[in-house]
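In our numbering, the protein residues as written are 1 to 295. In what follows, a single structure is set out as structure tokens and then discussed.
Listed below in structure tokens is the structure:
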């Protein structure tokens, strides 16, 4: 197998922003015999009229607007982006995401698009609503609404995703798909400690696994995360991410690196990948500086 150049698009502006998964991914790709580096369009300007393909594969981990725009520009040049730009852009917009999931017969709460939250007041007769910023993440721009005055207090003349609120029973369930594998992790929301962020493993029954698999169909992807709550005796899909942090998934970085290589080149012997943790070293910092400096 030929040696590839792989660039991980990630937010590195502060140490707290650079996900542990990113450094582990860089190391995992190198363990598999490839050159890997981190690039960050939020940390340094990039000249678009000189933009060229410097990697065989771009892994879009960052969820920032600049990262998504860069992925789109690279896609236009013919880059291989994981996940593909169109799928990542659709997932990033919760309105588009929700409509696509609904078309795949995924169990979703009743949902609306509105630019005037006050006009949703009549729907409160059926119970509380949850109002989301279509571009929000990590709980930002999220409002649970029980009274009409709460709706009227929200900003108008901008898009909002409104969903029927189903009070969750127990902790949130994070479901992660990597190829044909699906992993479940129970996690408290909001998570306050590192242990709570990692969560605890959760069994994934066949029915729930089928729901997760269906979520990827309209986007044409098999690497993503799905947030599920249980309420009223059934599961509800409430969000999807095209590239989450995969916290709590065993050997997540190596599994994802393996998946990416298969995505480009086809199957490789799994014995050479699974069960091997990449060694800890300082290559990510070195490659980060090198790539940023060459942009």
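The beta-carbon is built from N, C-alpha and C at its ideal position, and this holds for glycine as well.
Just measuring C-alpha positions, the residue of 79, 100, 42, 50 sitting nearest residue 63 is 42. In the displayed model, residue 3 falls within coil according to three-state DSSP, outside both helix and strand.
Spanning the alpha carbons of residue 127 and residue 166 requires a straight line of approximately 9 Å.
Within a 10 Å sphere around the beta-carbon of residue 200 sit fewer than 16 other beta-carbons, which makes this residue exposed.
DSSP places residue 205 in the coil class of the three-state scheme, outside both helix and strand. Per DSSP, residue 69 is one residue of the alpha helix (DSSP H) stretching across 65–76. Ranked by how close their Cα comes to the Cα of residue 188, the residues 223, 105, 218, 228 have 228 in first place. Excluding sequence positions up to five before and after residue 3, its CB lies within less than 8 Å of the CB of 33, 34, 35, all in the same chain and listed in chain order. Under DSSP, residue 132 forms a beta bridge with 142, 161. Residue 233 has its alpha-carbon roughly 18 Å from the corresponding atom of residue 212.
In the structure shown, residue 104 adopts coil according to DSSP, grouped into three states.
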